[in-house]
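The sequence shown maps to residues 93 to 172 in my numbering. All residues carry an ideal CB built from backbone N, CA and C; glycine is no exception. Below: one structure, written as structure tokens.
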Amino acid sequence: MQPKMLTIIEKLNGILKGEISRDDVASWSLQFINDDDMRIDDLKAWELLTLVGSVDLYDSPETYLYEDDDISKWILEYSS
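Below you can see the structure in the form of structure tokens.
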């Protein structure tokens, strides 16, 4: 079963607080995204989960494609 919106947001907050790495969160989300048997119950949560799957991508060798500000915006957008 797909993780709940609250769980996804907690993972994102964990990145911002330095409690969990971007790599770990992206890997966590990809296990659901790559599961062919995944049931999509909450389309908004699924959309955020797919964004989270790319949270560890780099824009350049030293900067992430999505910065902390982007993560904060996702949290605000998907919390409402």
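Considering only C-alpha positions, which residue in the set the options is nearest to residue i?
i	options	result
A120	L157, G145, E139	Before going further, note that residue 120 is Trp rather than Ala in the sequence given. Of the listed residues, the one whose Cα sits closest to W120 is G145.
D127	Q94, Y170, V117	Q94
E139	S113, F124, T155	F124
K165	K96, T99, L104	L104
L98	A118, A137, V117	A137
E96	V117, D134, L122, T155	The sequence as given places Lys at residue 96; Glu does not occur at that position. For K96, the nearest C-alpha among the options comes from D134.
Going by the CB atoms, is the gap between residue j and residue i shorter than 8 Å?
i	j	result
D115	D160	no
Report the rounded CA-to-CA distance for residue i versus residue j, giving the unit in angstroms.
i	j	result
S172	G106	19 Å
I101	K109	12 Å
D151	T142	18 Å
D129	I112	27 Å
By the DSSP assignment, the alpha helix (DSSP H) with residue i in it spans what residues?
i	result
M130	Careful: M130 lies outside any alpha helix (DSSP H) and carries neither H nor E.
M97	97–109
D162	160–171
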